[in-house]
Amino acid sequence: MRRQGGVILVAHVIELLHTFIGERLTLQLIKEAWPDQAIFDDDDLKDIQP
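Residues 59 to 108 in my numbering are what the sequence shown lists, from first letter to last.
So, in structure tokens, the structure goes:
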């Protein structure tokens, strides 16, 4: 139950980051925070308009 709450909290924080600073910067921050996770490729960032 605690893990689920933590996942929900992180998801909401990521959603807020996306809202306030945009998709591209949010994805860059996520990639920097968790570099070993294969959430997306560098090509995905190229498709996002700055």
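From the three backbone atoms N, C-alpha and C, an ideal C-beta is built for every residue, glycine too. Bear in mind that the values here come from a model prediction, so they are computed numbers and not experimental data.
Scanning its chain for C-beta atoms nearer than 6 Å, with the 5 sequence neighbours on each side dropped, one finds no residue around Arg-61. The three-state secondary structure of Gly-63, taken from DSSP, is helix. For Gln-86, the enclosing alpha helix (DSSP H) stretches over residues 81 to 91. Separation of the CB atoms of Leu-87 and Leu-75 is rounded to 7 Å, and the pair is thereby assigned contact status at 8 Å.
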